[in-house]
Amino acid sequence: MAAAVKRFFSSPRFAVAGASNDTHKFGYKLLAWYHQHSLPVTPLNPRAAQINLPSRAYDTVPSPSSLPSPTQTSLSVVTPPRVTIELLKEAHSVGIPAVWLQPGSFDDTVLEFARGHFEAVVAGDGGNGGEGWCVLVDGEEGLEAAGVQWTNQRL
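Set out below in structure tokens:
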């Protein structure tokens, strides 16, 4: 899994599928994590035009095919499995190379599809948290492994 995490963070761009304006949801927390680490991130949300963090509003795109450079974008996913599978089919069709499936975003069908269609898949048991691989828990270690320079930014 370490190689998949390294590949994931080797992309020059990132996206969060399931980004939300609800501060209690993981889609909000994931977007905030990328922002706080000064990483170029695009939120995916088909129903909200913007996601508002305290220090910045991010324009959203509705789907992976709307990303400006999908082949250079790693995708964090925090959607229910029935949504995730369709999202991954579209992500694969536009050439997204790596995905990080957050705990709760996948089932066996999603994992099987992801592992057969992407260069790198981060998901499942492991990581530093009790629920499996999660950007919020394992992300900084992954950035360091990939040699990504980052600075803390105000939320």
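Going by the numbering used here, the letters in the sequence shown line up with residues 422 to 576, in that order.
Using N, Cα and C, we set each Cβ at its ideal position, and we do this for glycine too.
What you are looking at is a predicted structure, and each value in this text was computed from that prediction instead of being measured.
Should residue i be labelled buried (16 or more other beta-carbon atoms within 10 Å of its own) or exposed?
i    : result
K427 : buried
T500 : buried
S418 : No statement about residue 418 is possible, as the shown extent of the chain runs from 422 to 576 and does not include it.
N466 : buried
A541 : buried
Taking the continuous alpha helix (DSSP H) assigned at residue i, which residues delimit it?
i    : result
P464 : No alpha helix (DSSP H) contains P464, which is instead part of the beta strand (DSSP E) from 462-465.
Which stretch, first to last residue, makes up the beta strand (DSSP E) that contains residue i?
i    : result
F435 : 434-438
T481 : From DSSP, T481 is part of no beta strand (DSSP E); its letter is neither H nor E.
Does DSSP put residue i in a helix, in a strand, or in coil?
i    : result
L522 : strand
Q570 : coil
S487 : helix
I506 : helix
V543 : strand
S459 : coil
Measure the CB-CB distance between residue i and residue j and report whether it falls below 8 Å.
i    : j    : result
A512 : A423 : no
L564 : W571 : yes
S441 : G448 : yes
V482 : L474 : no
V531 : P485 : no
Going by Cα to Cα distance, which pick from the options is closest to residue i?
i    : options          : result
P524 : R434, L451, T492 : L451
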